[in-house]
Structures are given as C-alpha cells and as structure tokens.
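Participant:
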Amino acid sequence: MTGAVELPQAGPAPPLLVIVSGPSASGKTTVLGGLRKLCRPWHFAVTATTRPMRPGEVDGKDYIFMDTADFLRARERDELLESAQVYDRWYGVPRSQVRDPLIAGKDVILGIDVQGAATIRSIAPEALSVFVMPASMEELRSRLAQRGTEEEAEMQRRLQEASVELSRIDEFDYRVVNRNGALEDAMRDIDAIIAAEKCRINPRLVQML
-9 MTGAVELPQA GPAPPLLVIV SGPSASGKTT VLGGLRKLCR PWHFAVTATT
41 RPMRPGEVDG KDYIFMDTAD FLRARERDEL LESAQVYDRW YGVPRSQVRD
91 PLIAGKDVIL GIDVQGAATI RSIAPEALSV FVMPASMEEL RSRLAQRGTE
141 EEAEMQRRLQ EASVELSRID EFDYRVVNRN GALEDAMRDI DAIIAAEKCR
191 INPRLVQML
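One point on numbering: in my numbering, the residue at position 141 of the sequence shown is 131, and numbering is uninterrupted.
1. Quick one: Cα of Glu129 to Cα of Leu(-3), how far?
2. With 16 as the cutoff for other CB atoms within 10 Å, does Thr37 come out buried or exposed?
3. If you run the structure through DSSP and keep just helix, strand and coil, what is Val36?
4. Between Leu62, Thr39, Glu69, which lies nearest to Phe55 when the distance is taken from Cα to Cα?
5. Of the choices Leu25, Gly1, Gly106, whose alpha-carbon is the least far from that of Val76?
6. Buried or exposed: which applies to Ala125, given that a residue is buried once 16 or more other Cβ atoms fall within 10 Å of its Cβ?
7. For the region 37 to 116, which segments carrying the beta strand (DSSP E) assignment without a break, of at least 3 residues, lie completely within its bounds, in sequence order?
8. State the Cα-Cα distance for the pair Arg158 and Gly46, rounded to the nearest angstrom.
9. Of all the CB atoms in chain B, is at least one closer than 8 Å to the CB of Ala15?
10. State buried or exposed for Val217, treating a residue as buried only when at least 16 other CB atoms are found within 10 Å of its CB.
11. When you compare each of Phe121, Pro2, Leu71, Arg111 to Lys18 by their alpha carbons, which one comes out closest?
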C-alpha cells in the first residue's frame, strides 16, 4: 500500500508589485481609474509632484503635492524609489507608497512612465510589468489632438517620444491594447493578468523596498 500523498500548501499568494506603464495618450491613467472602480483589494501607489494642483484633483489621491524644497529633502533622504524632473517640475514615487502596503500583504498598482518603469524594475526585478498601448499611431495622434492642449510642434514631439517608448515594449511582461471605446476590455485584461499571476506555482517574491 502506497503512502498518502501530501497536498502542497495552499496559502495566500505573496503580494505583487504591478507596474502599469505606457506612452503619453496611451490611456494608462484612464485605465488605472477604471481599475480603481473594480474595488479589488489593491493599493494604488500615489506619486509625489511639485507641480500645482489642478481643479478637481485631490491631494493624496491623485498626487501627493509637495513644494520643491520638501521634495528635494525627501530625495536626499532616499525616501523616493524613483524621481525625475520634467521641465521645471519634479515627480517621484514615495518609498512608503510601495513598501508599506507590500509589508501588509497588499498588491500594489503603480502607474508610471516608461523610463520610471525601467528604474523600478532595476530595483525590484520581481515586479510584474504591463505596457498599455494604443491600437495604432493614428489613434494616439487622435487622442493628443482631442486634448486640445498641444501646439503642432508639441504634438510632434510627443509622437516622437511615444515612438521611442513603444520600441521598448519588449522590456515588459505583458502588453494590453487600449482601443478607443474599449476601456473595459483593457481593464479586464489587466485584472485577468493579475489573477493569473496570483496562481503561479513559483510566485514572484518582491523584496521589501
């Protein structure tokens, strides 16, 4: 008679750090907003910035708004996982926005630009990365035009930057196409990716940052 077969332990999967990135006008911010409405037990990391608050924005939800002196002090104290200056404004990811929820066992969703995603992956190579992209360059151009905030020269610059960022798609684990009028499809794709990753036999183990 053979011995009893022991089942592997079926404890909770370790928390994930999920990077959601993509070029300007890919719709990643809209996708992230949609993911919030799914009411999953995720923590959405909030980026710090020195730019002024815009109408309708909420401090601590949309961004953590800081003056330049406080931001630079946080940077010197290594309180930011990643930071970058865009024109005359600073943006950065507070370490506590990622580390503390992970320690508490919560999955962390981090929306960040393509260069910032590369920095985070260098710090946390176990992170799960998702690249949000438009269906075509024509769709990207249309979205930029609909904003009505860019002159033609600025639009061309953004399109050129987007082309460079799109060429880096191979650096990511997954790609999600955010087609016009199909936001829910993109949301479902990311939701399914996270659910599948939680079922891995050999899970991603993100080191505490």
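We put the CB at the ideal spot given by N, CA and C, even for glycine. Model, not experiment: these values are computed from the prediction.
Facilitator: Once the coordinates are examined:
1. Rounded to whole angstroms, the gap between the alpha carbons of Glu129 and Leu(-3) is 50 Å.
2. buried
3. coil
4. Thr39
5. Gly106
6. Classification of Ala125: exposed, given that the 10 Å Cβ count is below 16.
7. 70 to 76, 79 to 84, 97 to 101
8. 33 Å
9. Among the chains in the structure shown there is no chain B, since it carries only a single protein chain.
10. Because the chain spans -9 through 199 in this model, residue 217 falls outside it and cannot be assessed.
11. Phe121
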